[in-house]
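Q: For the sequence shown, my numbering assigns the number -17 to the initial residue and increments by one for each residue that follows. Beta carbons: idealized from backbone N, C-alpha and C, even for Gly.
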Amino acid sequence: MRKIIVIMAGALVLSVAAWYFWPKEKKVFLSPEAPYLVVVKPLEKYSFPELRQRLFTPDGIWVEADKFYYWVSGKKVSGQIHLPAQAGVPVGSGPFPVVIMIRGYVDREEYQPGVGTRRAAEVLAQNGFITLAPDFLGFAESDMPPVNVLEDRFWRPIEVLQLIASVKNLPQADTDKISIWGHSNGGQIALSVLEISGQDYPTTLWAPVSKPFPYSILYYTDEHDDFGKALRKVVAGFEAQYDSDEFSIHEYYHWINAPVQIHQGTADDSVPVKWSQDLAKALEDKDKEVELNVYPGADHNLKSPSTALGIITWDTAVQKDILWFNTH
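1. Ordered along the chain, which non-local residues of its own chain (more than five positions away) have a Cβ less than 6 Å from that of V97?
2. Is N151 helix, strand or coil by DSSP?
3. Using the C-alpha atoms, what's the distance from V129 back to F38?
4. Do V253 and A189 count as a contact pair if the criterion is CB distance below 8 Å?
5. To the nearest angstrom, how far is the alpha carbon of I199 from that of G279?
6. What's the gap between the Cα of L213 and the Cα of S60?
7. Among V149, K150, Y224, which residue has its Cα nearest to the Cα of L132?
8. Bridge partners of Q243, per DSSP?
9. At what residues does the beta strand (DSSP E) containing G42 begin and finish?
10. Are the beta-carbon atoms belonging to F229 and S29 less than 8 Å from one another?
11. If we ignore side chains and look at the alpha-carbon of each, how far apart do V62 and V45 end up?
12. Work out the CA separation of P31 and W306 for me, nearest whole Å.
13. Which residues in the same chain have their Cβ closer than 8 Å to the Cβ of D250, if we skip the five residues on either side of it in sequence?
14. Measure the C-alpha to C-alpha separation of R85 and G168 and round it to an integer number of angstroms.
15. What span of residues does the alpha helix (DSSP H) with F220 cover, start to end?
16. Give the range of the alpha helix (DSSP H) segment to which W296 is assigned.
17. Please report the straight-line C-alpha distance between Y2 and H245, rounded to a whole angstrom.
18. How many Å lie between V22 and H165 at the Cα?
19. So who's on the other strand from I82, going by DSSP bridges?
20. Could you give the distance in angstroms between the alpha-carbon of V142 and the alpha-carbon of I231?
21. Alpha carbon to alpha carbon, how far is P24 from E221? Give it in angstroms, no decimals.
22. Distance, Cα to Cα, Y234 vs S124?
23. Can you tell me which of the three DSSP states Y2 falls into?
24. What does the alpha-carbon distance come out to for the pair D208 and V217?
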């Protein structure tokens, strides 16, 4: 009897898994003679409402020197880790608060682990935080991403959400104190994670890309060799089948339950100041805790000349991040 129960339970689990990962179908009524056309929508499972229903459970995570690795739906993702002990701070063996660091866009050919996060991670580690910066699929030692360019993009919040869940299997981590740091496109990923999870992860965003999808990616197509022609075709095909609002952060600000700090430079040539101003206002309108810091003359990486007091903008922003994480 016990064997039969185990077999039946296993079959039930497989059935539920098959239902979840099987491409979603939609029946469209045509006419009485040909009543239905079945439309397969394989990307529907990446919509925010669908991801909000997804359960992320702790999985394997392991550390080798300054690198870490973890599993996401059977795919290996690598990343760079900074531990307080590595920074020379005699703070014992933990547990330490954790900051998930999400970088912005980098060409695969130019990518090196820690690009866009390493310097801030070092300072955070010197102040007692564990930092985890995932490389993402297709980068460094991670497995390859989906072939579809939009599906590759939709995987990013999933990779971060699974990393947060797997932190529970990292012995040095204080899983009650997890924060998020995001830069540029990493800011959009961070907002997606806050919305999908609904968790209270204190978050700081540096020059976040905060416009609705797909405008958030089409805005940068003038930098492509074909000026975005190929990508526009992909987006047009996607929008013909899906409601793009269901994949966009601007529809789900009301799901956010975390305090958000924003840093923005006025000399940023990648993210207009107005984007961060609009984001702060949108969060305020939803009664969310948000703080916007604008730095005159600072660029996309918050670098700027010294002020009259000799304070460098980048250092100021990092110190505000440390205070934000420690007080929320």
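A: For this structure:
1. Only residues of its own chain outside the window of five on either side were considered, and among them V88 have a CB closer than 6 Å to the CB of V97, listed in chain order.
2. In the three-state DSSP reduction, N151 falls in the helix class (H, G or I).
3. Cα atoms of F38 and V129: separation of roughly 23 Å, rounded to the nearest angstrom.
4. Contact: yes.
5. If I take the Cα positions, the gap works out to 25 Å.
6. Their Cα atoms are separated by approximately 27 Å.
7. The shortest C-alpha to C-alpha distance from L132 to any of V149, K150, Y224 is the one to Y224.
8. Beta-bridge pairing links Q243 to T186, E273.
9. Looking at the DSSP string, G42 is not in any beta strand (DSSP E), and its letter there is neither H nor E.
10. A contact, by the Cβ cut-off of 8 Å.
11. Sequence inspection shows Gln at residue 62; the Val mentioned does not correspond to that position. If I take the Cα positions, the gap works out to 9 Å.
12. Between the alpha carbons of W306 and P31 lies a distance of about 29 Å.
13. The residues are A189, A280, D281, H282.
14. Roughly 5 Å between the two C-alpha positions.
15. Looking at the DSSP string, the run of the alpha helix (DSSP H) that includes F220 is 211 to 223.
16. First-last of the alpha helix (DSSP H) with W296: 295 to 309.
17. Residue placement at Y2 is poorly supported in this model, since its pLDDT is 40, which falls under 50; the coordinates still yield a value, given next. Spanning the alpha carbons of Y2 and H245 requires a straight line of approximately 38 Å.
18. For V22 and H165, the distance between alpha carbons rounds to 35 Å.
19. In the DSSP output, where bridge partners are listed per residue, I82 has L114, I162.
20. Rounded to whole angstroms, the separation of the alpha carbons of I231 and V142 is 16 Å.
21. If you take the alpha carbons of E221 and P24, they lie about 14 Å apart.
22. Spanning the alpha carbons of Y234 and S124 requires a straight line of approximately 30 Å.
23. Per-residue confidence for Y2 stands at a pLDDT of 40, beneath the threshold of 50, marking its modelled position as unreliable; the derived number appears in the next sentence. Reduced to three states, the DSSP call for Y2 is helix.
24. Rounded to the nearest angstrom, the two C-alpha atoms are 15 Å apart.
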